[in-house]
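Remarks on the structure that follows.
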Amino acid sequence: MTNYLWLFAVAGGAALLGIALAFGMIKQDGRRSVFAIAGAFIVAIGALGLGVYVAKAPTAPVRASDREQSQQRLPAAATTEKDLPGK
Numbered sequence: 029m030t031n032y033l034w035l036f037a038v039a040g041g042a043a044l045l046g047i048a049l050a051f052g053m054i055k056q057d058g059r060r061s062v063f064a065i066a067g068a069f070i071v072a073i074g075a076l077g078l079g080v081y082v083a084k085a086p087t088a089p090v091r092a093s094d095r096e097q098s099q100q101r102l103p104a105a106a107t108t109e110k111d112l113p114g115k
């Protein structure tokens, strides 16, 4: 679910920017900018499809922390103060 939230946030921002640019292009030269806007829509649809594909791709499992802090005993545990050089 959070993958789709990030996809919506990023794609929504890009879409708003694209709409603002398209509006400016149409105001300057309406006929010439139609082809550029059509190309931009094709690229946007492809990017949206790629984003949905990436959002549906499986990810690595996440080990949640627990009360015993067992994640700290794993081989790739977070660095502690005693692990820093000079300590």
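Take the sequence shown: its letters are residues 29 to 115, numbered as in the numbering used here.
Backbone N, C-alpha and C fix where the C-beta goes; we use that ideal spot for every residue, glycine too.
This structure is a prediction, so every number in the text was calculated from the model and none was measured.
For residue 37, the closest C-alpha among the options 95, 59 and 80 is that of 80. Remark: C-beta atoms of residue 83 and residue 35 approach each other more closely than 8 Å. In the three-state DSSP reduction, residue 57 falls in the coil class, being neither helix nor strand.
The C-alpha of residue 65 lies about 6 Å from the C-alpha of residue 50. The Cβ atoms of residue 39 and residue 76 lie closer than 8 Å to each other.
Residue 70 is not a Cβ neighbour of residue 61, given a cutoff of 8 Å. The beta carbon of residue 46 lies closer than 8 Å to those of 68 and 72 in the same chain, with the five residues before and after it left out.
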